[in-house]
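Just so we're aligned, residue 943 is where the sequence shown starts under my numbering, counting upward by one. Remarks on the structure that follows.
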Amino acid sequence: MKDSSFGLLQTTGVPVKVENVDTDQIIPARFLKAISREGFGENLFYDWRYDNEGNPKPDFILNQPGNDGQVLVGGKNFGCGSSREHAAWAIKDYGFKAVISSFFADIFKGNALNNGVLPVQVSDAFLARLFDLMEQDATTPIAIDLEAQTVAVTNKQTGETMTEIFEINEYKKMCLQKGYDDIDYLLSLQTQVETYEKNKAVY
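Below is the structure:
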């Protein structure tokens, strides 16, 4: 996989406080011509990010200074709509390593995991509190510990930290920790496969 393994991520978040964000908003269909996974980040949320002349819209979060965290925080039902894998490619290519939401569309969740982006599903209450803290202070620290499967957010004013456990498929967790995609995983078993082939019984 393109980037390194995923362990403890300590960063800030970029809030996109919109429910039912569909994949056509994440990466509009007209940008799906490329077949490699690179270059999609510049068109992430294009129709929300730019006007008809291609100028950045100043009120959109990605165009505002200081929003350079590695976690995208989206509203409930993030990644719905079409099954395009390019949505995960665009999020990763932009520089996000994880997306937090209180619900993900299944196909988007699978595509994200297959492309090294960690979808962190939290409760509605946790997400609402996280949005509140980020509105108060854009530099609110977020820590995602993949090994422990926890996400923690600290209120910088009070020092209070709220933590929640998230679920993840064990195989996908291992792949993220090692920086593997499915092909990398198969290649990691090459020695075992070759040993098996040499020693298997021939009839």
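Just so it is clear, CB atoms sit at the ideal spot from N, CA and C, and this is done for glycine as well.
Less than 7 Å between C-beta atoms, sequence neighbours within five positions excluded: which residues of the same chain meet that for residue i?
| i | result |
| --- | --- |
| Pro957 | Ile1003, Val1015, Phe1073 and Met1076 |
| His1028 | Ile969, Leu974 and Phe982 |
| Lys1115 | Leu1088 |
Do residue i and residue j have their C-beta atoms within less than 8 Å of each other?
| i | j | result |
| --- | --- | --- |
| Val1041 | Phe1068 | no |
| Thr1092 | Glu1106 | yes |
| Asp1066 | Ser1044 | yes |
| Thr1096 | Thr954 | no |
| Ala1085 | Gln967 | no |
| Leu974 | Arg1026 | yes |
| Phe1038 | Thr965 | no |
| Ala1094 | Thr1103 | yes |
What residues are listed by DSSP as bridge partners for residue i?
| i | result |
| --- | --- |
| Asp1087 | Leu950 and Thr1092 |
| Ile1049 | None; Ile1049 has no bridge partner. |
| Leu1060 | Ala1040 |
| Gly1121 | Partner(s): none; Gly1121 has no beta bridge. |
| Leu1014 | Val956 and Val1041 |
| Pro998 | Tyr992 |
| Asp964 | Cys1022 |
Based on Cα-Cα distance, which residue from the options lies nearest to residue i?
| i | options | result |
| --- | --- | --- |
| Phe982 | Thr1133, Gln1006 and Trp1031 | Trp1031 |
| Gln1099 | Gln1078, Asn994, Asn962 and Ile1125 | Gln1078 |
| Ala1070 | Phe1038, Thr1103 and Gly1017 | Gly1017 |
| Leu1060 | Arg972, Val963, Val1013 and Tyr1138 | Val1013 |
| Ile1033 | Asn1057, Ile1049 and Ser1024 | Asn1057 |
| Val960 | Glu980, Phe987, Ala971 and Arg979 | Phe987 |
| Gln1063 | Tyr1138, Gly1101 and Glu1109 | Glu1109 |
Between residue i and the rest of its own chain, which residues show a CB-CB distance below 8 Å, the 5 nearest in sequence each way excluded?
| i | result |
| --- | --- |
| Ser947 | Leu1118, Gln1119, Lys1120 and Gly1121 |
| Arg991 | Pro998, Lys999, Phe1002, Leu1004 and Asn1005 |
| Ile977 | none |
| Asp989 | Gln967 and Pro970 |
For the putative contact between residue i and residue j, defined by C-beta atoms under 8 Å, what is the C-beta separation to the nearest angstrom?
| i | j | result |
| --- | --- | --- |
| Ala1054 | Cys1022 | 13 Å between Cβ atoms; not a contact. |
| Asn985 | Ile969 | 6 Å |
| Arg979 | Asp1035 | 7 Å |
Quick one: what's got a C-beta closer than 6 Å to residue i's C-beta in the same chain, skipping five residues either side?
| i | result |
| --- | --- |
| Gly1008 | Ala1080 |
| Asn962 | Asn1019 and Cys1022 |
Let me see if you follow: with CB-CB separation under 8 Å, is residue i close to chain C or not?
| i | result |
| --- | --- |
| Val956 | Structure shown: chain C not included; a single protein chain is present. |
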